[in-house]
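In the numbering used here, the protein residues as written are 88 to 295.
By construction, the Cβ of each residue, glycine as well, lies at the ideal position given by its N, Cα and C atoms.
If you're wondering where the values come from, they're calculated on a predicted model, not measured in any experiment.
Notes follow the structure.
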Amino acid sequence: MELTKRDALLIVDVQNDFLPGGALAVSDGDQIIPVINRIQKKFDFIVASQDFHPANHKSFAANHKNGKIGELIVWKENLQILWPTHCVQNTEGAEFHKDLDRKNWKAIIRKGVDSDVDSYSAFFDNAYQIDTGLGKYLKDHQIDRVFVCGLALDYCVRYSALDSFALEFETYLITDATRAVNMSPTDGDDALEELKKTGVKLITSDSL
Ligand code: VGL
Ligand code: ZN
Numbered sequence: 088m089e090l091t092k093r094d095a096l097l098i099v100d101v102q103n104d105f106l107p108g109g110a111l112a113v114s115d116g117d118q119i120i121p122v123i124n125r126i127q128k129k130f131d132f133i134v135a136s137q138d139f140h141p142a143n144h145k146s147f148a149a150n151h152k153n154g155k156i157g158e159l160i161v162w163k164e165n166l167q168i169l170w171p172t173h174c175v176q177n178t179e180g181a182e183f184h185k186d187l188d189r190k191n192w193k194a195i196i197r198k199g200v201d202s203d204v205d206s207y208s209a210f211f212d213n214a215y216q217i218d219t220g221l222g223k224y225l226k227d228h229q230i231d232r233v234f235v236c237g238l239a240l241d242y243c244v245r246y247s248a249l250d251s252f253a254l255e256f257e258t259y260l261i262t263d264a265t266r267a268v269n270m271s272p273t274d275g276d277d278a279l280e281e282l283k284k285t286g287v288k289l290i291t292s293d294s295l
């Protein structure tokens, strides 16, 4: 595939807490790091998202009385899955993995900053009330194709790719540069199916 200056790589949430040993570890999440570093060499325009929660974030089970990890609740009129405490601002868990090459990144998009609303997508919060500005930023730089990779396939990667497609970027998911949490065993496969059905193109890194 021929890449041009109008192509962007979006690296979603490759942070310590989503990697083996982290608070919300994705199995084999670390295996995508060399793949992402290899792909980065092909792109002029690279942006990364960072899950960046305040310690009192309401997506954390610990911040609810009797809150259980994996439980689905309604909080301020939004559905919210309760997670282990993760990616707390200015902690090691929120940092990008040390081996992830970040020298050519144009921007870091921080999300999940509002304590009452979660934000899986790098473009909008889950209530679609807050726009991170990423869509406009990419359009201002004449980007027309967005290639998505990172963690986790069934949450932040999935919603970022769906929003990218909805914003009319030609959107690609790099399947060997992502991994799923799989709270239910088929979540990752279901996400791939949904993305494909929507119109996101699934590719592997060797085609870049
Ligand atoms: C994520 C759950 C909670 C992700 C972030 O990056 O996929 N998942 N916060
Ligand atoms: Zn989070």
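- Of the other Cβ atoms in all chains shown, 16 or more fall within 10 Å of the Cβ of residue 101; this residue is therefore buried.
- When rounded, the separation of the alpha-carbon atoms in residue 266 and residue 96 is 17 Å.
- Rounded to whole angstroms, the gap between the alpha carbons of residue 253 and residue 216 is 16 Å.
- Within the same chain, Cβ atoms closer than 8 Å to the Cβ of residue 211 are found at 217, 218, 219 and 250, the five residues on either side in sequence being excluded.
- Residue burial annotation: residue 142 is exposed, with fewer than 16 other C-beta atoms found within 10 angstroms of its C-beta.
- Boundaries of the beta strand (DSSP E) harbouring residue 136: 132-138, taken from the DSSP string.
- Annotation for residue 292 indicates a beta carbon at 8 Å or more from all heavy atoms of ligand 2.
- Runs of beta strand (DSSP E) with 3 or more residues, each lying fully within the region 168-202, are found at 192-198, listed in chain order.
- Taking a cut-off of 8 Å on C-beta distances, the region 101-113 touches the region 178-193, as three or more cross pairs fall below it.
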